[in-house]
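In what follows, a structure is listed as structure tokens, so that the remarks can point back to it.
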Amino acid sequence: DAGVIQSPRHEVTEMGQEVTLRCKPISGHNSLFWYRQTMMRGLELLIYFNNNVPIDDSGMPEDRFSAKMPNASFSTLKIQPSEPRDSAVYFCASSSLAGGSYEQYFGPGTRLTVT
Amino acid sequence: QQPVQSPQAVILREGEDAVINCSSSKALYSVHWYRQKHGEAPVFLMILLKGGEQKGHDKISASFNEKKQQSSLYLTASQLSYSGTYFCGTEDSGTYKYIFGTGTRLKVLA
Numbered sequence: 009d010a011g012v013i014q015s016p017r018h019e020v021t022e023m024g025q026e027v028t029l030r031c032k033p034i035s036g037h038n039s040l041f042w043y044r045q046t047m048m049r050g051l052e053l054l055i056y057f058n059n060n061v062p063i064d065d066s067g068m069p070e071d072r073f074s075a076k077m078p079n080a081s082f083s084t085l086k087i088q089p090s091e092p093r094d095s096a097v098y099f100c101a102s103s104s105l106a107g108g109s110y111e112q113y114f115g116p117g118t119r120l121t122v123t
Numbered sequence: 081q082q083p084v085q086s087p088q089a090v091i092l093r094e095g096e097d098a099v100i101n102c103s104s105s106k107a108l109y110s111v112h113w114y115r116q117k118h119g120e121a122p123v124f125l126m127i128l129l130k131g132g133e134q135k136g137h138d139k140i141s142a143s144f145n146e147k148k149q150q151s152s153l154y155l156t157a158s159q160l161s162y163s164g165t166y167f168c169g170t171e172d173s174g175t176y177k178y179i180f181g182t183g184t185r186l187k188v189l190a
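First to last, the sequence lines map onto chains A and B. So my numbering is basically just the index in the first sequence, starting at one, shifted up by 8. So my numbering is basically just the index in the second sequence, starting at one, shifted up by 80.
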């Protein structure tokens, strides 16, 4: 399996622009997680889906952030409008319920820079 | 509330042992451990479910004390490849909400 695929790997955009990050989970996994990592705040869970349904979006920082999972093989995280403080590495991870808990496999991440 | 890891950073010589602790203020269902190398994604190491079990993976093992809401990761006879940042991920036993810990930077020197 190719593992979790994320695109783009790097994104540089100007403040106010819309940014869309994409994720393809591992085939057969039924849970998908979006994380943001910064030096200041560490690794933060933004939202997670189970069977394509958003279960917990309490980590989504503001209404400027939205996430969708239209099918089992694709998810997007959108920021509109983007701000410099959104600069971070965004990871997508997928998992299947194993032994009662989730073993998460992370994608390579998207490094977002908002100027 | 983010689980607190200690120490924040540790430097070892190859072959030395280390212990990394993860403490939560909430009752836990499970604890996960991940290692992240610089510029890379976190990589799963192991899961421990409530029940006080201990697990091992090569020379890396972990314990989970459900009553104390703590987990410890033990690295024995450390190798250069162990260098990286270690994160615990905790799953709340009430809400099953998943939160990563503050991280521990570990560097192994030759």
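Note that the Cβ used here is the ideal one computed from N, Cα and C, for glycine as well. Quantities reported herein were computed from a predicted structural model and do not represent experimental measurements.
Determine whether the beta carbon atoms of residue i and residue j lie at a separation below 9 Å.
{"i": "Tyr166 of chain B", "j": "Leu186 of chain B", "result": "yes"}
{"i": "Gln82 of chain B", "j": "Thr182 of chain B", "result": "yes"}
{"i": "Gly169 of chain B", "j": "His112 of chain B", "result": "yes"}
{"i": "Cys102 of chain B", "j": "Ser151 of chain B", "result": "yes"}
{"i": "Phe114 of chain A", "j": "Val123 of chain B", "result": "yes"}
{"i": "Tyr98 of chain A", "j": "Gln14 of chain A", "result": "yes"}
{"i": "Phe57 of chain A", "j": "Ser83 of chain A", "result": "yes"}
{"i": "Ser110 of chain B", "j": "Ile127 of chain B", "result": "yes"}
{"i": "Leu108 of chain B", "j": "Glu171 of chain B", "result": "yes"}
{"i": "Leu105 of chain A", "j": "Trp42 of chain A", "result": "no"}
{"i": "Ala101 of chain A", "j": "Gln45 of chain A", "result": "no"}
For residue i, does the count of other Cβ atoms within 10 angstroms reach 16, so buried, or fall short, so exposed?
{"i": "His37 of chain A", "result": "buried"}
{"i": "Thr131 of chain A", "result": "Look at the range of chain A in this structure, 9 to 123, and you will see that residue 131 of chain A is not part of it."}
{"i": "Asp94 of chain A", "result": "buried"}
{"i": "Met47 of chain A", "result": "exposed"}
{"i": "Gln88 of chain B", "result": "exposed"}
{"i": "Ala10 of chain A", "result": "exposed"}
{"i": "Gly107 of chain A", "result": "Bear in mind that the predicted position of Gly107 of chain A carries a pLDDT of just 47, short of 50, making it unreliable; the figure below should be weighed with that in mind. Exposed is the call here."}
{"i": "Ile140 of chain B", "result": "buried"}
{"i": "Arg115 of chain B", "result": "buried"}
{"i": "Met77 of chain A", "result": "buried"}
What are the boundary residues of the beta strand (DSSP E) that includes residue i?
{"i": "Pro69 of chain A", "result": "Taken as a continuous stretch (DSSP letters only), Pro69 of chain A belongs to no beta strand (DSSP E), as it is neither H nor E."}
{"i": "Ser152 of chain B", "result": "Gln150 to Leu155"}
{"i": "Ser39 of chain A", "result": "Ser39 to Thr46"}
{"i": "Leu125 of chain B", "result": "Val123 to Leu129"}
{"i": "Phe142 of chain B", "result": "Before going further, note that residue 142 of chain B is Ala rather than Phe in the sequence given. Ile140 to Asn145 is the span of the beta strand (DSSP E), which, as asked, contains Ala142 of chain B."}
May I ask you to report which of helix, strand or coil DSSP gives residue i?
{"i": "Arg119 of chain A", "result": "strand"}
{"i": "Asp94 of chain A", "result": "helix"}
{"i": "Tyr176 of chain B", "result": "coil"}
{"i": "Ser105 of chain B", "result": "coil"}
{"i": "Ser161 of chain B", "result": "helix"}
{"i": "Gly95 of chain B", "result": "coil"}
{"i": "Thr170 of chain B", "result": "strand"}
{"i": "Gln112 of chain A", "result": "coil"}
{"i": "Gly107 of chain A", "result": "Note that Gly107 of chain A has pLDDT 47, beneath the 50 cutoff, so the model's placement of it is unreliable and no number is given."}
{"i": "Arg185 of chain B", "result": "strand"}
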